[in-house]
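Trainee: The letter at position 224 of the sequence shown is residue 224 when you use my numbering, and the numbering goes up by one with no holes. Supplied in structure tokens, the structure appears directly below.
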Amino acid sequence: MKVCCRAPGKTIWFGEHFVVKGMPAIASSVDLYVRTRVEPNKNGKIRFWSKSLEKGFVYGEKEPDKELLPFKRILDLIREEHGELPGMKITIDSDIPISYGLGSSAASSISFAAAVLKYIGVEPSPEHVRRLSLEAEKIVHGRPSGIDTAISLRGGFIYYRGPEDIKPLNARWSNEYTLLVIGTGVTRSTGLVVKKVLERYERFPNIMGKIYEAASEITMTAKELMIEGDWIRIGELMNINHGLLVSIGVAIPETERIIHNSLRLGAIGAKISGAGMGGIVIVLVKKKDKEAVVDGITSFSNEIIEVEPGVAGLECRVEE
Ligand code: MEV
């Protein structure tokens with residue numbers, strides 16, 4: 001028997017960073033995936049291989065490299081819950097660039113946890129997978145809000161205000177528009193960027209508190225506009241949200257050049273998505289203006305991906 005699970009990446013439309021301190025945020029899945037395949041291993045060992053990292057480990061033998069520790073952590077937890085595990089070959093493959101703000105680590109741990117659970121005969125319930133993935137995320141991020149895990153599991157668009165307040169958002173996405181994900185070419189650790197922002201909060205709690213309140217207002221307004229399908233005003237709110245991200249200190253010249261030029265060339269909204277300090281920028285643009293925007297920003301980025309927002313979340317299939 002073989003098990004294959006795939007989990008999508010994500011983009012945060014509103015509220016990244018602010019969500020870490022309990023403010024609401026809006027995220028959608030995107031059609032970039034991490035896939036985990038589990039199949040039998042006759043020699044009884046658990047062998048893991050990451051195609052994108054070109055690294056692996058044999059569980060229980062020497063300690064894996066740092067980037068692979070989240071996967072070992074999930075195996076440890078599953079073993080604690082369900083006893084000794086059978087031999088298996090686990091392979092993970094990803095379309096999602098790492099350390100970029102597209103939720104690659106959450107999608108990896110979700111597809112991994114779900115595939116291993118299913119292989120050992122435990123139906124992977126969303127709550128179970130979420131819990132395992134969040135433990136793995138803690139190794140990577142230190143203090144994750146849980147939004148990346150929630151959106152990759154559920155898919156679609158979600159409103160998120162902590163793990164107890166997650167609502168699917170019936171966003172009326174329109175084919176008149178498209179969403180571009182643009183890489184800055186700068187990778188960074190989400191955990192470190194989050195720490196830096198929280199330190200600024202500690203230094204100026206009164207000022208930062210007001211910025212966080214404004215961010216919350218933006219998200220609440222955007223939520224209604226998404227249901228109405230008013231993407232022009234959503235674009236404007238993305239621009240305002242980006243201004244707040246600049247003020248909390250997560251913009252760098254690479255993000256600003258892409259955003260400024262996208263807007264100049266006709267995009268409706270453009271902002272950092274995810275932790276910032278590099279990573280990705282998302283650009284909302286009318287399809288008719290897409291070519292002009294893409295042509296004009298190729299000198300600032302050679303990683304421009306057109307994505308479909310709101311695709312299905314975690315999916316698994318079994319091959320006999
Ligand atoms: C990372 O995708 C989004 C942040 O808000 C961190 C988090 O929510 O855990 C920057």
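Even for Gly, the Cβ is constructed at its ideal location relative to N, Cα and C. Since we're looking at a predicted model, the values are computed, not measured.
In this structure, does DSSP put T91 in helix, strand or coil?
Mentor: On the sequence shown, position 91 is the one that residue 91 refers to. Strand.
Trainee: Just tell me which of R47, A136, L198, N41 has its CA closest to the CA of G70.
Mentor: If you number the sequence shown from 1, residue 70 lands on position 70. Residue identity check: residue 70 is Pro in the sequence provided, not Gly. Considering only alpha carbons, the answer is A136.
Trainee: Roughly how far, in whole angstroms, is the beta-carbon of I90 from the beta-carbon of V34, given that I think they are within contact range, below 8 Å?
Mentor: Taking the first residue of the sequence shown as position 1, residue 90 is located at position 90. Taking the first residue of the sequence shown as position 1, residue 34 is located at position 34. With 8 Å as the limit, I90 and V34 do not qualify as a contact, their Cβ atoms being about 12 Å apart.
Trainee: Are the CB atoms of V294 and V30 nearer to each other than 8 Å?
Mentor: Sequence index remark: in the sequence shown, residue 294 carries index 294 (1-based). Sequence index remark: in the sequence shown, residue 30 carries index 30 (1-based). Contact: no.
Trainee: Under 7 Å: does the beta carbon of A7 sit that close to some heavy atom of ligand 1?
Mentor: Here residue 7 corresponds to residue number 7 of the sequence shown, with the count starting at 1. False, no ligand heavy atom lies under 7 Å from that Cβ.
Trainee: Please state whether DSSP places S28 in a helix, a strand or coil.
Mentor: As a position in the sequence shown, residue 28 is number 28, starting the count at 1. Residue state, collapsed to three classes: strand.
Trainee: So, are the CB atoms of Y100 and I280 less than 8 Å apart?
Mentor: The residue you call residue 100 lines up with position 100 of the sequence shown. The residue you call residue 280 lines up with position 280 of the sequence shown. Yes, the pair counts as a contact, with Cβ atoms nearer than the cut-off.
Trainee: Using DSSP with H/G/I as helix, E/B as strand and the rest coil, what is E319?
Mentor: By 1-based counting over the sequence shown, the position of residue 319 is 319. If DSSP states are grouped into helix, strand and coil, E319 belongs with the strands.
Trainee: Which value, in whole angstroms, describes the spacing of the CA atoms of I96 and L32?
Mentor: Position 96 of the sequence shown, counted from the start, is the residue given in the question as residue 96. Position 32 of the sequence shown, counted from the start, is the residue given in the question as residue 32. Each residue's alpha carbon lies about 6 Å from the other.
Trainee: What are the start and end residues of each continuous beta strand (DSSP E) run of 3 or more residues lying completely inside the segment 222–274, in chain order?
Mentor: List check, beta strand (DSSP E) in window: 269–273.
Trainee: Check the C-beta distance from S109 over to I74 and give it rounded, since I have them as a contact under 8 Å.
Mentor: Numbered from 1 along the sequence shown, position 109 holds the residue referred to as residue 109. Numbered from 1 along the sequence shown, position 74 holds the residue referred to as residue 74. With 8 Å as the limit, S109 and I74 qualify as a contact, their Cβ atoms being about 6 Å apart.
Trainee: Might you give, ordered along the chain, the residues of its own chain that have their beta carbon closer than 8 Å to the beta carbon of L153, omitting 5 neighbours on each side?
Mentor: Start at 1 with the first residue of the sequence shown, and residue 153 comes out as number 153. Excluding sequence neighbours, L153 sits near A7, I110, P126, V129, R130, S133, G313, L314.
Trainee: Using 8 Å as the threshold, is the segment 291–306 in touch with the segment 178–194, meaning 3 or more CB pairs across them?
Mentor: The segment 291–306, when compared against the segment 178–194, does touch it at the 8 Å Cβ threshold.
Trainee: Would you list the one or two residues that DSSP bridges to W49?
Mentor: Taking the first residue of the sequence shown as 1, we reach residue 49 at position 49. G56, T91.
Trainee: For I26, I'd like the list of residues in its chain whose CB is within less than 8 Å of its CB, leaving aside the five on either flank, ordered along the chain.
Mentor: To locate residue 26, count along the sequence shown from 1; it is residue 26. Within the same chain, I26 has close Cβ partners I12, W13, F14, G15, F157, I158, Y159, Y160, L169, T219, A222, K223, M226.
Trainee: If you compare alpha carbons, which of I120, M1, F18 is closest to S145?
Mentor: Looking up residue 145 in the sequence shown gives position 145. Out of I120, M1, F18, F18 has the C-alpha closest to the C-alpha of S145.
Trainee: Let me know if P124 comes out buried or exposed under the rule of 16 or more other beta-carbons within 10 Å of its beta-carbon.
Mentor: Here residue 124 corresponds to residue number 124 of the sequence shown, with the count starting at 1. Its Cβ being crowded by 16 or more others within 10 Å, P124 is buried.
Trainee: Consult DSSP for A7 and reduce its assignment to one of helix, strand or coil.
Mentor: Your numbering for residue 7 matches position 7 in the sequence shown. Correct three-state label for A7: strand.
Trainee: Using the C-alpha atoms, what's the distance from G274 back to E217?
Mentor: For the purposes of this step, residue 217 is taken as the residue at position 217 of the sequence shown. For the purposes of this step, residue 274 is taken as the residue at position 274 of the sequence shown. For E217 and G274, the distance between alpha carbons rounds to 19 Å.
Trainee: When DSSP labels each residue in this structure, what does T184 get in the three-state scheme?
Mentor: As a first step, residue 184 is located in the sequence shown; it is residue number 184 there, counting from the start. Here T184 sits in coil by DSSP.
Trainee: Need the endpoints of the beta strand (DSSP E) that P168 sits in, please.
Mentor: Position 168 of the sequence shown, counted from the start, is the residue given in the question as residue 168. First-last of the beta strand (DSSP E) with P168: 166–168.
Trainee: Strictly by DSSP, which residues pair up with R37?
Mentor: By 1-based counting over the sequence shown, the position of residue 37 is 37. Paired residues: C4, T91.
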